[in-house]
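See structure below.
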Amino acid sequence: MRLHTVRLELRPGRPDAWPMRQIADWDPLRGFVPPFEHLDPARERLTMCVDLLPVAPRELVPLRRRILSAVRRREMRDSLVTINGVNDWVMPAENIERQVERSGLLAKVGRSDPFFRVQILISASSPSRERARELVERTYAAWEQFSGQNYLGAMGTPLLGWWFLGSNAPWRRSWFDLRSRTGLHTGRRLLTARELAGLLKPWTRQCEAPIVLRGERELPVPELAASTGMVICEVKGRPVALADEDARYHVHAIAPTGKGKSTLLASMVLARIERGLASIVIDPGLKGDVVRRDLLPRIPERDWERVVVLDPSRGRERPLGLNLLEAAAPEQHELIADQVTYVFRSLFQNSWGARMDDVMHTSLLTLLRRPGSTLCDLPQLLLDDETRRAWTRGLQDPLGLELFWREWSRLSESERNQRCGPILARLRTVLMRPTVRNLLGQSRSTFDLTRIVDEGGVLLVALPGGELGPGTSSLLGALLVARIWQAVQARSSRPEHERPDALLAIDEAHRVVRLPQLEEILVEARSLRLGLLLGHQHMGQLPADLKAAIGANVHTRIAFQAEQDAAELAAWMRPAGAADLAGLRQFEVAVRLCVAGHSEPAFIGMTRPPAPELGPDHASRLAAAALARWGRPRAEVEAEMLERYRGPAGSSEEEEWA
Ligand SMILES: Nc1ncnc2c1ncn2[C@@H]1O[C@H](COP(=O)(O)OP(=O)(O)OP(=O)(O)O)[C@@H](O)[C@H]1O
Ligand SMILES: [Mg+2]
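Positions in the sequence shown are counted from 1; adding 4 to them yields the numbering used here.
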């Protein structure tokens, strides 16, 4: 096969005094990715050498002085512009423009930055000459980012006919190849370190790769990586999977929207379900993609018995029950009250004060003492004297709860309203929704989280923010995570081998991460055999301490193509660099896999497309079956609540609830 080679040398186009653009705030290498990305590595080759020769200190002073005095004397020795030349006489506006430019010139030499002589050589080989030329031109185009008052121009544009001076003239070709091969340096033009800083940034991180050729870099798959289990991606046709034991070290998947994160998350969860392991999915995304689109249509009928589907807006007519205050051992009361209060505080953080914390926490502790209470009892406890008297009788806590309620009963009505009004208003925004009220207001939960995590159950929670409202969706998500964590913590009294593996997958995790426990969970869940799988779009969504916790405790990291986060993520994805992350193709991932408890170096693979659906009405049949098993008729639930909240005198509050 005959290969055509096209060469191009670049040099600063104007004299040394003119500065190039200084790039500080983005990664210029991104501009170079496209030509390399579209390369066919089997037949084509594209190289770009940037040779720099530092100017020796003793030459530096005279050089700088020469440039400075040229600027001062306004002799720019530039064919394009002569400041204060004859033309300025007739074109004063341009003169002013040049005066402005001049301050830029002084900026280049006014600082004591080191100088480099620079030589940039681009060459491409391809079976088609046109294609080789296109590759060279696209690489050249990327240098445009550096154009300021100076720019990089192509050397050897034909002047006296290509055969003599053009870049394809035979003597030029061999001269170019010699320099490119040996690094022999003949550059005369100067650039400062500051001008080069932006351009050198990507290379300084990976100096060992002077030829940036995508796909050629060796990022091998860890030798002992599993190939069955939770398959993450394929590398050269070989599946690479996360072993069940290693899922305990948590997984973090990050990708801008539409890259395939939910699809990957769902396929990993499906693999768990298939092997009979406990799996919980919380999906507070706007549409509820993971549960509704990816999971329900793909869970085979034999597993349906284990599946609980919690989708409040779809299960309107057969609500499930989840009583947050149910049946806890007395030693758990504090923990539950803390967690629920914290979730509310973090959701309404801008308008939540210390006094509200106190009222909410005490009320929850009081309700927890009374079996069958629910979160919906809170208004009744705070507002209704008679109910309160009945519910706070015999608390046996003279210095704590009793004291509080005694003081409460002494407050005037308006003082009381002042203290609990804000809480009730916040609570109302949540409990006003019948779907949520029917879920949280049932005094007995209709499904048992402890059984789900201990007996290989499957809980699929769809909390579509678009239907429930984003606030309610994150609140429910956070309350559920808190509740699941309580169930898992209860395992700590059992020996380790009696704690079966469970997985908690949270898509759009940033919506529910405002939890005090999430960091605690990341640290402690492993020994309790709970693995976390967190997915979201970008680093900015994570609060600082959670980011640190993920950085320290998550052992499997998956990153799809990243733009803005590439540099930050690269620190987690070694040895893959920012350029590797920025250059990932659609559905391609960089993965740091945990193998036997150790986070292996990153490699790159291709995720799998979603598995085929199991039939057109599969999802709705599964949802209906799950609701029939775990839900209760809405009329029954509402009648029960009506009964409970009927005022003590029987009739006065009936209208309010009817
Ligand atoms: N490996 C793959 N091959 C082909 N198609 C895929 C692959 N992975 C995902 N897809 C498809 O890409 C689309 C987007 O995927 P997905 O919804 O999982 O993205 P996402 O990262 O979760 O986006 P968002 O952040 O918006 O939720 C889906 O239609 C999915 O079927
Ligand atoms: Mg998604």
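Backbone N, C-alpha and C define an ideal beta-carbon position, used for all residues, glycine too.
Being a predicted model, the structure only gives us computed values, none of them experimental.
Which listed residue (the options) has its alpha carbon closest to that of residue i
| i | options | result |
| --- | --- | --- |
| Arg137 | Ala201, Arg70, Arg121, Arg49 | Arg49 |
| Arg349 | Thr611, Leu428, Pro32, Met24 | Leu428 |
| Leu14 | Glu419, Pro32, Asp55 | Asp55 |
| Ala201 | His514, Asp31, Met159 | Asp31 |
| Gly473 | Gly461, Glu640, Pro288 | Pro288 |
| Phe119 | Val485, Leu538, Ala60, Pro131 | Ala60 |
| Asn663 | Arg589, Val465, Ser151, Asn442 | With the chain covering only 5 through 662, there is no way to say anything about residue 663. |
| Met645 | Phe150, Val595, Leu379, Leu188 | Leu379 |
| Val273 | Ala615, Val363, Ser355 | Ala615 |
| Thr190 | Glu640, Ile27, Gln123 | Gln123 |
| Ala491 | Gly475, Leu532, Leu467, His514 | Leu532 |
| Cys237 | Ala643, Ala627, His337, Arg596 | Arg596 |
| Arg561 | Ala251, Ser231, Glu222 | Ala251 |
| Leu299 | Cys424, Ser73, Arg487, Glu617 | Glu617 |
| Glu41 | Arg625, Leu139, Pro383 | Leu139 |
| Ala627 | Glu305, Ala270, Gly475, Tyr155 | Glu305 |
| Glu459 | Ala623, Ile525, Phe564, Asp505 | Asp505 |
Which residues DSSP lists as bridging residue i, in chain order
| i | result |
| --- | --- |
| Gln123 | Asp55 |
| Arg11 | Ser127 |
| Phe4 | Nothing about residue 4 can be read from this structure; the chain reaches only from 5 to 662. |
| Met234 | Leu246 |
| Ala563 | Ile258, Ala594 |
| Val239 | Arg242 |
| Leu194 | Arg121 |
Simplified DSSP assignment, three categories, for residue i
| i | result |
| --- | --- |
| Ile488 | helix |
| His542 | coil |
| Ser184 | helix |
| Gly535 | strand |
| Ile340 | helix |
| Ala21 | coil |
| Ala570 | helix |
| Arg441 | helix |
| Val65 | helix |
| Val462 | strand |
| His602 | strand |
| Gly152 | coil |
| Pro16 | strand |
| Ala575 | coil |
| Gly157 | strand |
| Ala509 | strand |
| Leu50 | strand |
| Phe408 | helix |
| Ile215 | Model confidence at Ile215 stands at a pLDDT of 37, short of 50, so the residue's coordinates are unreliable and nothing is read from them. |
| Gln400 | coil |
| Trp30 | coil |
| Trp175 | helix |
| Trp356 | coil |
| Ser497 | helix |
| Glu617 | coil |
| Gly635 | coil |
| Thr450 | coil |
| Leu200 | helix |
| Gly165 | Caution applies to Gly165, whose pLDDT of 49 falls short of 50 and renders its modelled position unreliable; the value that the coordinates give is listed next. It is coil, neither helix nor strand. |
| Gly376 | coil |
| Ser73 | helix |
| Glu647 | helix |
Burial state of residue i, where buried means 16 or more other Cβ atoms lie within 10 Å
| i | result |
| --- | --- |
| Gly544 | exposed |
| Pro637 | exposed |
| Lys263 | buried |
| Asp549 | exposed |
| Gly535 | buried |
| Met577 | buried |
| Asp381 | buried |
| Leu369 | buried |
| Trp412 | buried |
| Leu43 | buried |
| Pro45 | exposed |
| Thr186 | exposed |
| Thr232 | exposed |
| Pro613 | exposed |
Report task. Could you pull out every unbroken beta strand (DSSP E) segment of at least 3 residues lying fully inside the stretch 252-336, listed in chain order? Result -> 255-258, 282-287, 311-314
**Report entry** For ligand 3, residues whose Cβ lies under 5 Å from any non-hydrogen atom
**Finding:** This structure lacks ligand 3; its bound ligands are ligand 1 and ligand 2.
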